[in-house]
Amino acid sequence: MSSPARPGTLHVIATPIGNLGDLSPRALDTLRAVSAICAEDTRHTRQMLAHYGLERPLVALHEHNEEQLAEKLVARLQAGESLGLVSDAGTPLVSDPGFRLVRAARAAGIAVSPVPGACAFVAALSVAGLPSDRLVFEGFLPAKGNARRERLAPLATETRTLAFYESAHRIEETLADMATIFGGQRRAVIARELTKLFETVLDGTLEALQARVAADPNQRKGEFVVLVAGAGEDEDARIVEGRRLYAKLGEHLPPSTAAKLAAELSGAPRKALYGS
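Residues 1 to 276 in the UniProt record's numbering are what the sequence shown spells out, letter by letter.
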């Protein structure tokens with residue numbers, strides 16, 4: 001059996017998304033053996049390592065310094081060091097920094113080896129009961145409402161299951177925008193605090209989920225994965241297009257005016273748009 005950390009190799013190591021019991025034995029061996037660990041937040045990673053009784057050299061690698069550090073880290077790998085790459089939680093590069101370092105390492109002919117493990121949206125998908133054979137992962141949506149709606153609008157006709165990450169202080173607004181653009185009766189699942197003490201997985205229509213989150217402060221705490229069913233083949237294309245137009249026009253016009261124009265342009269019934 002080969003060493004868990006091969007010389008001159010960048011090991012991309014998945015870490016737990018909550019429950020520390022989910023770190024694999026191979027990941028633990030690799031973390032113990034690498035020359036240094038590149039971490040998104042060294043404070044967070046140091047605490048995680050301490051739980052397992054490990055103390056390793058850490059290098060802060062995040063979106064603000066990754067481009068500048070990549071060359072130096074590649075030089076260390078070329079000199080024969082083995083490095084680990086972790087994010088704050090889950091699989092690195094999934095809505096987290098790291099791809100620039102991986103790209104630079106591969107361009108330099110350096111071996112990049114995955115040590116797989118937890119990933120929040122995959123964990124959510126496994127318990128959601130939504131179609132999982134075809135998927136669109138969108139990660140985090142823009143923080144500002146207009147930009148968020150612009151990102152969501154082209155997805156209204158997407159037939160594959162949609163996966164998003166969202167924060168506690170934006171979950172209500174995001175569900176409201178999804179209900180407007182995708183339609184309040186579109187099925188969805190909200191997975192909150194996966195693998196942690198207060199884990200909850202809620203399913204229902206976007207309209208019902210929006211109401212439940214609004215009514216329960218506990219459902220507005222923690223980290224969220226939102227999964228939305230794709231547009232069904234039986235869903236009227238005119239209504240889908242009308243909702244997309246209504247969301248866009250609603251940024252600049254009163255709701256009734258936006259619904260009237262969207263209905264005229266798409267051919268969808270106005271009542272299916274206004275208050276949907």
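The C-beta atom is built at its ideal place from N, Cα and C for all residues, glycine as well.
Check	Outcome
Would DSSP call Asp203 helix, strand or coil?	strand
Name the residue from Gly232, Gly204, Leu273 and Ile181 whose alpha carbon lies nearest to the alpha carbon of Ala191.	Gly204
Whose C-beta lies closer than 6 angstroms to the C-beta of Ala60 among residues of the same chain, with five residues either side of it excluded?	Thr42
Once DSSP output is grouped into helix, strand and coil, what is the label at Thr161?	strand
Tell me whether Leu152 sits in a helix, a strand or coil according to DSSP, three-state version.	helix
Taking the beta strand (DSSP E) that Arg26 falls in, what are its first and last residues?	Segment Pro25 to Ala33 is the alpha helix (DSSP H) holding Arg26; no beta strand (DSSP E) there.
Please list, in chain order, all residues of the same chain as Arg244 whose beta carbon is under 6 angstroms from its beta carbon, the five residues on each side excluded.	Ala153 and Ala156
Would residue 291 pass as a contact of Glu166 if the rule is Cβ separation under 8 angstroms?	Any property of residue 291 remains undetermined from this structure, which presents the chain solely from 1 to 276.
Cα-Cα, which of Arg148, Leu175, Pro131 and Thr30 is closest to Ala5?	Thr30
For Val94, collect the residues of the same chain with a Cβ closer than 7 angstroms to its Cβ; drop the 5 residues on either side in sequence, then sort them by chain order.	Cys119
Return the Cβ separation of Ala168 and Arg220 in integer angstroms, given the expectation that the two are a contact with Cβ distance under 8 angstroms.	6 angstroms
Indicate whether the contact test is met: 3 or more Cβ pairs, each with one atom in the segment 251-259 and one in the segment 223-232, closer than 8 angstroms.	no
With distances taken between CB atoms, is the gap from Arg149 to Glu251 smaller than 8 angstroms?	yes
From this set, Val240, Val189 and Val112, which residue's C-alpha is nearest Ala124's C-alpha?	Val189
With distance defined between alpha-carbon atoms, name the residue in Leu10, Ala231, Ile239 and Glu264 nearest to Leu130.	Ala231
Could you compute how far the alpha carbon of Leu249 sits from the alpha carbon of Thr174?	18 angstroms
Taking contact to mean at least 3 C-beta pairs separated by less than 8 angstroms, is the segment 42-59 in contact with the segment 129-143?	no
Any idea what DSSP makes of Val226, helix, strand or coil?	strand
Met1 by DSSP, collapsed to three states: which one?	Residue confidence is low: Met1 scores 47 on pLDDT, short of 50, so the model does not pin down where it sits. No coordinate-derived value is stated.
For the alpha helix (DSSP H) containing Ala220, name the first residue and the last one.	Note that residue 220 corresponds to Arg in the displayed sequence, not to Ala. Where Arg220 is concerned, there is no enclosing alpha helix (DSSP H), given that its DSSP letter is neither H nor E.
Can you check whether the CB of Leu83 is closer than 8 angstroms to the CB of Ser35?	yes
Are the beta-carbon atoms belonging to Leu77 and Gly98 less than 8 angstroms from one another?	no
What residue range is occupied by the uninterrupted alpha helix (DSSP H) comprising Leu73?	Glu66 to Gln78
To which residues of the same chain is Pro142 closer than 7 angstroms at the C-beta, ignoring the five residues directly before and after it?	Arg148 and Arg151
Rounded to a whole number of angstroms, what is the C-alpha to C-alpha distance between Leu73 and Pro217?	44 angstroms
Does DSSP classify Ala60 as helix, strand or coil?	strand
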